[in-house]
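Numbering (the working numbering), first residue to last: 1 to 101. From the three backbone atoms N, C-alpha and C, an ideal C-beta is built for every residue, glycine too. Note that the structure is a prediction, hence the values are computed from the model and not measured. Worksheet for the structure shown next.
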């Protein structure tokens with residue numbers, strides 16, 4: 001797998017840059033310190049549900065509502081999965097960098 005693709009458990013999704021529709025810019029902090037393969041390596045360590053939601057929102061440029069529709073889940077569930085996944089990314093990033101974000 002290259003740095004421009006993510007395995008979503010059932011297939012590969014091409015990386016796309018966010019289109020400015022991603023809510024809550026403060027959540028970008030977890031991904032801000034990551035680049036290329038490092039980002040994908042950490043994202044791929046997340047659980048499948050969290051990974052799918054984050055990939056669609058942050059790498060696919062979809063809003064929470066769009067992600068909810070794509071996954072067939074309530075919007076609140078998608079928000080929770082993204083928030084939980086971002087918290088894990090922050091923790092992993094902090095551990096890997098030896099400091100805080």
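Query: From 42, 92, 84 and 66, pick the residue whose C-alpha is nearest to that of residue 50; which is it?; Result: 84
Query: In angstroms with no decimal places, state the Cα-to-Cα distance between residue 41 and residue 82.; Result: 17 Å
Query: Can you round the beta-carbon distance between residue 46 and residue 90 to whole angstroms, since I take them to be within the 8 Å contact cut?; Result: Between residue 90 and residue 46 the Cβ distance is about 12 Å, and since that is not below 8 Å, they are no contact.
Query: Quick check: what's the CA-CA separation for residue 75 versus residue 92?; Result: 26 Å
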